[in-house]
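The opening position of the sequence shown corresponds to residue 4 in our numbering, with each subsequent residue numbered one higher. By construction, the Cβ of each residue, glycine as well, lies at the ideal position given by its N, Cα and C atoms.
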Amino acid sequence: MHLIALIPANNQVIQGTTATPMYLLAQVRYTKATKLSKTALFPTIKAGIRYAMAGNNFTSSVLLPNMASDNLYYGINKIDSFVGVVEAGLGAKLGQNASINLSYGGEFGAQVKTHNINVRVGWQF
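Shown next as structure tokens:
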């Protein structure tokens, strides 16, 4: 989205928008446990596709005062309707109660690309 204005930026009033898309997610997951003395390793891989059923258009508005009339401009940001989703990770069960997990997750579409790393530590009691 590009918006070109011929007035200083401090005269603009940008109104944010909040929207939550509704998604349908289909994925497959494969996990295989490997036992090592008192530790068990769980490599996991997931792959799927996510479909935005509703809420994939975000409209933001910018009010530009001090012009001939207070002009209101709208910008529409679209997110992808279909996005590929992948996750790969390794979990370890340490003894009876403790576990630790490290995973990578990514989303890939025409406009959306996200990457994240997750670390989880757990203790059951």
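- The beta carbons of Q30 and V88 sit about 6 Å from each other, so the pair counts as a contact at 8 Å.
- The segment 75-110 contains, as complete beta strand (DSSP E) runs of 3+ residues, the segments 85-97 (chain order).
- Membership of G51 in the beta strand (DSSP E) is indicated by the continuous run T42 to A57.
- Contact between T42 and K96 holds: CB atoms are separated by about 7 Å, below the 8 Å threshold.
- Judged by DSSP secondary structure, G125 falls within the beta strand (DSSP E) whose first and last residues are K116 to W126.
- Sequence-distant Cβ neighbours of Y26 in its own chain, meaning closer than 7 Å and more than five residues away, are R53, Y54, A55 and M56.
- In the three-state scheme derived from DSSP, where H, G and I count as helix and E and B as strand, K38 is classed as strand.
- Around the C-beta of G125, fewer than 16 other C-beta atoms lie within 10 Å, and the residue is accordingly described as exposed.
- Under the three-state reduction of DSSP output, A113 falls in the coil class, being neither helix nor strand.
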